[in-house]
Amino acid sequence: KQEVTQIPAALSVPEGENLVLNCSFTDSAIYNLQWFRQDPGKGLTSLLLIQSSQREQTSGRLNASLDKSSGRSTLYIAASQPGDSATYLCAVRTLEETSGSRLTFGEGTQLTVNP
Amino acid sequence: SAVISQKPSRDICQRGTSLTIQCQVDSQVTMMFWYRQQPGQSLTLIATANQGSEATYESGFVIDKFPISRPNLTFSTLTVSNMSPEDSSIYLCSVGEGTEAFFGQGTRLTVV
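Keeping their order, the protein sequence lines are chains A and B.
As numbered in our numbering, residues 16 to 130 make up the first sequence, in order.
As numbered in our numbering, residues 5 to 116 make up the second sequence, in order.
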């Protein structure tokens with residue numbers, strides 16, 4: 016059974032800092048990995064999708080890397096801003112015989128960027 | 005990308021009542037997924053809804069408690085039945101099979 020762990024659970028940084036969020040997963044046979052942002056009480060916004068054959072994806076100030084063999088992904092946020100404050104979720108998709116595929120979520124990293 | 009509209013965005017309900025959550029997608033999709041996010045927790049899949057067939061429920065979730073409808077390829081509903089305070093959660097619908105997953109804005113349910 017796939018398990019996804021995110022470290023740290025919470026992070027507080029001053030505005031302007033570069034930061035790294037970590038995600039690890041137990042089964043390396045993944046189809047893809049996706050990073051999401053969730054604002055309090057809201058739904059999920061997709062940030063980056065990395066296919067299993069890819070090593071990294073970039074969007075603006077965000078960069079996500081994937082090391083499938085070691086079961087790790089990182090989300091790098093450059094020059095953080097107060098508007099980046101949210102919970103960041105990592106989700107891993109694995110293929111399954113019966114259900115097609117399954118998305119397994121980590122518990123998230125709650126990020127606070129202080130002005 | 006898919007745009008998903010979910011209604012209501014939030015509700016406060018009395019215990020013992022039921023609430024139906026609607027999910028509308030701007031394109032036709034084969035599967036729609038319903039998740040629950042309990043306070044301080046991550047997302048747990050409730051069920052997968054295919055058009056024209058019964059939903060497939062995950063372990064720990066049953067149709068009597070969470071009946072799902074999927075009348076066409078762009079719409080689904082999830083009902084939370086006979087609610088108790090333990091049902092207070094965010095409920096989310098999602099699309100995207102084998103590709104990028106997209107989520108609705110979520111329904112924040114409080115049962116009093």
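Think of the CB as a built atom: it goes at the ideal place given N, C-alpha and C, for glycine as much as any other residue.
Bear in mind the structure is a predicted one, so any value in this text is a computation, not a measurement.
- A contact between stretches requires three or more CB pairs, one per stretch, nearer than 8 Å, and the segment 101–112 of chain A fails this requirement with the segment 75–93 of chain B.
- Judged by pairs of C-beta atoms under 8 Å, the segment 94–112 of chain B touches the segment 22–29 of chain B, as three or more such pairs exist.
- Contact note: residue 49 of chain A reaches chain B through 104 and 105, using a C-beta cutoff of 8 Å and chain order.
- For residue 120 of chain A, the enclosing beta strand (DSSP E) starts and ends at 115–120.
- In this structure, residue 22 of chain A lies away from residue 48 of chain A, with their beta-carbon atoms at least 8 Å apart.
- Among the residues of chain B, none has a CB under 7 Å from the CB of residue 71 of chain A; the nearest is roughly 16 Å distant.
- By the rule that beta-carbons nearer than 8 Å mark a contact, residue 94 of chain B touches chain A.
- Following the DSSP letters along the chain, one finds residue 18 of chain A in no beta strand (DSSP E), marked with neither H nor E.
- When beta bridges are read from the DSSP output, residue 11 of chain B appears opposite B:26.
- Residue environment for residue 115 of chain B: buried (at least 16 other C-beta atoms within 10 angstroms of its C-beta).
- The C-beta distance from residue 19 of chain B to residue 89 of chain B rounds to 7 Å, short enough to meet the 8 Å contact threshold.
- At a cut-off of 8 Å, the C-beta of residue 111 of chain A has no neighbouring C-beta in chain B.
- Only residues of its own chain outside the window of five on either side were considered, and among them 6, 29, 33, 36 and 106 have a CB closer than 6 Å to the CB of residue 99 of chain B, listed in chain order.
- Within chain A, 56 have C-beta atoms less than 7 Å from the C-beta of residue 112 of chain B, given in sequence order.
- Against chain A, the CB of residue 46 of chain B has a partner CB under 8 Å away; the residue lies at that interface.
- Annotation: the segment 46–98 of chain B contains the following complete segments of the beta strand (DSSP E) (minimum length 3 residues), in chain order: 47–54, 72–76 and 79–84.
- With 16 or more other Cβ atoms from the protein chains shown falling within 10 Å of its own Cβ, residue 91 of chain B counts as buried.
- At a C-beta separation below 8 Å, residue 123 of chain A has these neighbours in chain B: 46.
- By the neighbour-count definition (other C-beta atoms within 10 Å, threshold 16), residue 95 of chain A is a buried residue.
- Residues 39 and 121 of the same chain have their beta carbon placed closer than 7 Å to that of residue 20 of chain A, with the five preceding and five following residues left out of the count.
- Think of a sphere of 7 Å around the beta carbon of residue 109 of chain B: the chain A residues whose beta carbon falls inside it are 57 and 58, in chain order.
- Contact of residue 64 of chain A with chain B by beta-carbon distance below 9 Å involves 103, 104 and 105.
- Interface criterion not met: the Cβ of residue 27 of chain A is under 8 Å from no Cβ in chain B.
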